[in-house]
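Residue numbers (my numbering), protein chains in the order written: chain W, 1 to 213; chain H, 214 to 842.
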Amino acid sequence: MSHEPNSPIERGALSPCWSCKGPVIQRALFCSTCAAVQGPGVVDHFTRLGMPRSFDVDMVTLDHNYFDLQRRLHPDRFSGRTARERALSQSQAVAVNDAYETLKDPLKRAAYMLSLEGRKVDIHGTATIDDPELLMEAMEMREALAEAETRAAIDKVAARAEAQVLTCQCALSTAFGHRDLDRAGALTTRLKYLGKLAEEARARKSRLIRPVA
Amino acid sequence: MMFDIYEPGESPLPHQSDRGAAVGIDLGTTNSVVAVSTGDKPEVLRDEDGEGLVPSVAYYAEDGAVVVGAKARRALLDHPDRVVASVKRLMGRGVGDVKALAGTLPFTLDQAAEGGMVRLRVGERVLTPVEVSADILRAIKARAEAALGKPVDRAVITVPAYFDDGARAATKDAARLAGIEVLRLVNEPTAAAMAYGLDNAAEGLYAVYDLGGGTFDISLLRMEKGVFQVRATGGDAALGGDDFDHAIAEHFLAERRIRLGEETITSAEAKQALAAARVAKECLTSRSSGEWFIEVDGKPTRHSLDRDTFEALIAPMVDRTVALVQGVLDDAEALPEDVKGVVLVGGSTRVPLVRRRVAEAFGREPLANINPDEVVAVGAALQAEALTAGSDTLLLDVTPLSLGIETMGGIVEKVIPRNQPIPVALGQEFTTYQDGQSAMMMHVVQGEREMADQCRSLARFVLSGIPAMAAGAARIRVTFAVDADGLLTVSAREQTTGVEQEVSVKPSYGLTEDEMASMLRDSMAHAREDMTLRVLTESRVEARRSVLAVGSALKVDHDLLSPEERRAIDAAIAAVEAACQGTDREAIQAAVDGLEDATKDFAERRMDRGIRSALSGVSVDTLGDKLGS
C-alpha cells in the first residue's frame with residue numbers, strides 16, 4: 001500500500017517523533033529513524049486503508065490492506081512495550097477498524113461519501129419514507145415474504161430482494177461516478193430500506209431446517 | 214557504541230529470560246484447563262494421573278485450608294456447605310441478578326449484602342465470587358508451575374464471548390488476586406477457533422458452537438492465513454449443561470414426590486437428585502435408557518429415564534441455542550450453507566440431541582476430531598505465546614453486546630453496537646433537557662433491549678460543571694472505548710466549554726479499589742512486591758525504549774554533533790543503562806530525564822534538517838519509502 005504524497009512535502013507535513021524527537025512524515029505509521037509507532041492522525045477512511053476514493057471498493061484489496069495494517073498496528077503486537085506505545089497502537093487499531101467498518105458496508109460507505117461532500121443521510125434512524133414508489137415496493141415485498149410458505153417461495157423472495165439491492169448499488173456507483181449527489185442521496189435512502197428487506201428474507205431462509213449433507 | 218535496529222514489531226521483548234512462563238487458562242464453569250505453548254506443539258498440563266481437567270470447585274476446610282479440584286468435588290457430598298462450585302455463574306453479578314436465579318444455584322448467599330457484589334457464605338467465611346475464582350486460579354497456577362518446573366506469572370485467560378463488562382473485569386480482578394498478570398482476555402470460541410484453525414490450516418467461514426457447563430456461545434469466524442476475524446458472536450451467559458442437569462433433577466423429584474406422597478423437597482433430596490441427574494445425562498449419551506436411585510432418610514426411589522424423555526426435557530434449551538445460532542448468521546449476513554465447518558466446544562456438546570440439532574441448523578455434520586474440553590485452553594496457550602514470543606497470527610475479535618447510555622424515559626441510546634471489531638471507540642452527542650442544568654447523570658448499560666432497566670447496568674457517573682445554558686444548548690459528547698480485552702472506558706466532554714470527565718468503568722457489581730487492595734493484603738504477602746516489581750519492569754521497558762530511540766537517531770544524524778556533545782549524550786545513555794541495572798525506579802526516571810535534556814538540541818537540529826531536506830525535495834523518496842508502505 002502506498003501513502004506517498006503527491007505534492008512536495010510542506011513544512012507542516014513533518015512533525016517530531018514522540019520517541020526519538022526526529023522528523024516524521026505526519027501520516028507515517030512508524031518513525032523512519034527509530035521505528036516507534038506513531039499516532040493515527042486525521043485522514044479520511046479511504047486514505048487510511050490505501051483505497052482510491054470511489055464507491056466501487058474492491059473487497060479483496062480492502063481486506064488485504066486491513067489485515068496488513070492490523071498485523072502491524074493491533075495491540076497484540078505491542079504487548080510488553082511501553083504504555084505510550086500500547087496506547088498509540090490502540091488508537092491506530094481503533095482508527096483502522098472504524099475505516100474498515102465504514103468502507104466494507106455499501107450503505108455506510110455511501111453515507112460516508114456523502115458526508116465527505118457535506119451532505120447528511122440518516123442511515124440509522126427510522127425516518128419515514130417519503131418516496132411513494134419505494135413505499136409501495138417495500139410493502140409489496142413484505143407481503144410476499146409474509147405469504148411465502150415453501151422453501152422455493154422464500155428463496156424466490158430472497159433472490160428478488162438481493163437483486164434489488166445489487167441494482168441499487170450499481171445505480172449508486174453510477175451516481176457517484178457522475179458526482180450526481182442528489183441522486184446518490186436518494187439512492188442511499190433506497191438502499192437502506194432494500195437492505196432491511198433483504199435481511200428479513202435472509203433471516204427467513206436461514207431458519208429453514210436443512211438436510212444434513 | 215553499537216545498536217541493533219529492529220523492524221517494528223520485531224524487536225525482542227525485554228528480558229524474556231528473567232520472567233516466568235506464560236500459559237493459557239480456560240477458567241470454566243465446571244472444569245478448568247491450563248496449557249502452554251513454547252515453539253513446538255501446544256500442550257495441556259496434566260496431573261500425575263494424566264488428567265487435564267481441574268474441576269472448578271473449591272472446598273474451604275474447617276482448618277482454614279483451601280482445596281481445589283477433584284478432591285473438593287468429592288467433599289461436596291460430605292460438606293456441601295463448605296464447597297463452592299459453578300462460581301463462574303456469579304462473576305460480575307449483583308445481588309439482584311442472583312435473586313432471579315434463586316433455586317438454580319448451589320450457593321448460600323450472604324444476606325447482609327444488599328446492593329454491590331454477591332457474597333457467599335461458606336462455613337464461617339464470607340467470600341466474593343472473585344475470591345473463589347482467585348483460589349481456583351492459584352491451584353491452576355500451582356499445577357502449571359509443578360508441570361513446568363518454573364514460576365508462572367502471566368496468562369491469557371479465556372472468557373465466554375458473551376460475558377459482559379462486569380464479568381470480564383471480575384475475571385481480571387481474580388487473576389490479579391492470584392498473582393497472575395493477564396496478558397489478554399480472549400473469548401472462548403475465538404481461542405477454540407485459533408487452536409482448530411492453526412492445527413488444520415482451515416480457510417473460510419467457520420462456526421464455533423460452545424456449550425459449556427454454564428454458558429453458551431456461538432461465534433462465526435473467517436479464517437485466512439493466520440488471521441482469525443470474528444464476524445459475529447452471540448450466546449447466553451446463563452445457559453449450559455448445568456441446566457440439563459436441573460431439568461432431569463426436577464423430573465426425578467416430581468416422580469419422587471408423587472411416589473412418596475410428599476409435599477416438599479428437602480435440600481438433601483435436591484442435591485442427591487442433581488447428582489443422579491448428572492450421571493443420567495452422561496449415561497444417556499451412549500445408552501438409550503437406564504435407571505437411577507435417590508435415597509434420602511432411608512427412603513429410596515427408583516427412576517428410569519430413556520433418551521426420548523431426556524431429549525424432550527432438554528429440547529427447549531437446545532432450541533434456544535439454535536435460535537441464537539440463527540441470530541448470529543443474520544448478524545454476519547451469512548447463510549448456513551456459507552459455513553465451511555462447525556467446531557464443537559464444551560462438554561455439553563457430547564449430548565446427541567445437541568449434535569443432531571447443530572447438524573440440522575447448518576446442514577452438515579459438525580467436526581468431531583477435536584477434544585471439546587481442551588481446545589479452548591490450547592488456543593489460549595497459543596495466544597499467550599503469540600503475545601510473549603511474537604507470532605504472525607492475528608485475532609480480530611468483536612464486541613458481544615451493544616453498549617449504550619440511558620436517555621430520557623429510560624430508553625437506551627446505543628453508542629457501540631454489538632459485533633464491532635475491537636478495539637473500538639465511538640461517540641455520540643447528548644444534550645441537557647432543563648434550562649440551566651449544571652450536571653448530567655450518565656448511566657452506562659450493556660445489552661440489546663430498548664429499555665435501560667432491561668439491560669445490564671455497568672456504571673453510573675455524573676458529568677458536572679456544565680455552564681448554565683438553555684435546555685438543549687449544551688453539547689455533551691460521550692465517547693465509549695473498548696480495548697482489546699473487551700473492557701470499556703467512558704469519557705464525557707461538554708463541547709462548548711471543554712469540561713471533561715473520564716471513568717474507566719468499574720462495574721456496578723465489581724470490587725472497589727479499596728476492597729481489592731485489602732484482599733491483596735489479606736491473601737498474599739507477595740502482592741505488594743509483585744506490584745512494585747511490575748512498576749519497575751515498566752520503567753525499565755520505557756528507559757530502554759528511550760535508549761534505543763536515541764541510538765537510532767545517532768546512527769542517522771551523528772554528524773550533527775560535535776565530539777563533545779556526542780560524549781555528553783553517550784554519558785547520559787550509559788547513565789540510563791546503569792540505572793536500569795538497579796532497582797530504584799526514581800533513579801531510572803531521573804536518568805531518562807537526563808538523557809532527554811542531553812538530546813534536546815540534537816532533536817531540534819534533526820527536525821531542522823528534516824524540514825530543510827523535505828523543502829528541497831532531496832529526501833522525499835527516502836522518507837516516502839519509510840512511511841510504512
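Glycine included, each C-beta is placed from N, C-alpha and C at the ideal position.
- Interface with chain W (8 Å Cβ-Cβ cutoff): residue 704/H is excluded.
- Where residue 659/H is concerned, the enclosing beta strand (DSSP E) starts and stops at 653–659.
- If you compare the alpha carbons of 593/H, 345/H, 538/H and 301/H with that of residue 408/H, the shortest gap goes to 593/H.
- Under DSSP, the beta-bridge partners assigned to residue 505/H are 516/H.
- A Cβ-Cβ distance of about 6 Å is found for the pair residue 597/H and residue 396/H, placing them in contact under the 8 Å criterion.
- By the neighbour-count criterion, in which 16 or more other beta carbons inside 10 Å mark a residue as buried, residue 401/H falls on the buried side.
- Listed along chain H, no residue sits closer than 8 Å to residue 65/W by beta-carbon distance, the nearest being about 11 Å off.
- Below 8 Å, enough C-beta pairs join the stretch 610–618 of chain H and the stretch 440–454 of chain H to call them touching: three or more.
- Judged by DSSP secondary structure, residue 412/H falls within the alpha helix (DSSP H) whose first and last residues are 401–413.
- Between residue 375/H and residue 553/H, the gap from beta carbon to beta carbon reaches 8 Å or more.
- The stretch 573–645 of chain H is shown to contain whole beta strand (DSSP E) runs of 3 or more residues at 607–609, 616–619, 625–629 and 637–643, in chain order.
- The Cβ-Cβ distance between residue 765/H and residue 168/W does not fall below 8 Å.
- What residue 93/W touches in chain H, judged by beta-carbon distance under 7 Å, is 636, going in chain order.
- The stretch 575–582 of chain H and the stretch 473–490 of chain H do not touch, with fewer than 3 CB-CB distances between them shorter than 8 Å.
- Residue contact check for residue 34/W against chain H: a CB pair falls below 8 Å.
- In this structure, residue 243/H sits near residue 269/H, with a CB-CB distance shorter than 8 Å.
- Taking C-beta separations shorter than 6 Å and ignoring five residues to either side along the sequence, the partners of residue 549/H in its chain run 575 and 576, following chain order.
- Below the 8 Å Cβ cutoff, chain W contributes no neighbours of residue 265/H, its closest Cβ being approximately 26 Å away.
- In this structure, the straight-line span from the alpha carbon of residue 688/H to that of residue 116/W is close to 22 Å.
- With a cutoff of 8 Å on beta-carbon distance, residue 64/W and residue 103/W are scored as not near each other.
- Residue 692/H: member of the beta strand (DSSP E) spanning 689–695, first to last residue.
- Here the alpha carbons of residue 261/H and residue 511/H stand approximately 39 Å from one another.
- Residue contact check for residue 79/W against chain H: a CB pair falls below 8 Å.
- Taking the beta carbon of residue 448/H as reference, no residue of chain W falls within 9 Å; the closest one sits roughly 17 Å away.
- For residue 46/W, the enclosing alpha helix (DSSP H) stretches over residues 45–48.
- Taking CB atoms only, residue 401/H has no neighbour in chain W less than 8 Å away.
- Under the Cβ distance rule, residue 162/W does not count among the residues neighbouring chain H, no pair being separated by less than 8 Å.
- Residue 119/W has a beta carbon lying at 8 Å or more from every beta carbon in chain H.
- No residue range can be given for residue 264/H, since it is assigned to no alpha helix (DSSP H) and is classified by DSSP as neither H nor E.
- With respect to chain W, the C-beta atom of residue 546/H has a partner C-beta closer than 8 Å.
- Taking a Cβ-Cβ cut-off of 7 Å, the neighbours of residue 823/H in chain W comprise 14, 22 and 23, given in sequence order.
- Under the Cβ criterion (8 Å, minimum of three pairs), the stretch 464–481 of chain H does not count as touching the stretch 540–548 of chain H.
- In this structure, DSSP gives residue 702/H an extended state, which the three-state scheme calls strand.
- Here DSSP, grouped into helix, strand and coil, assigns residue 431/H to strand.
- Looking from the CA of residue 654/H, the closest CA among 667/H, 662/H and 705/H belongs to 705/H.
- Annotation: residue 61/W to residue 47/W spans about 13 Å, alpha carbon to alpha carbon.
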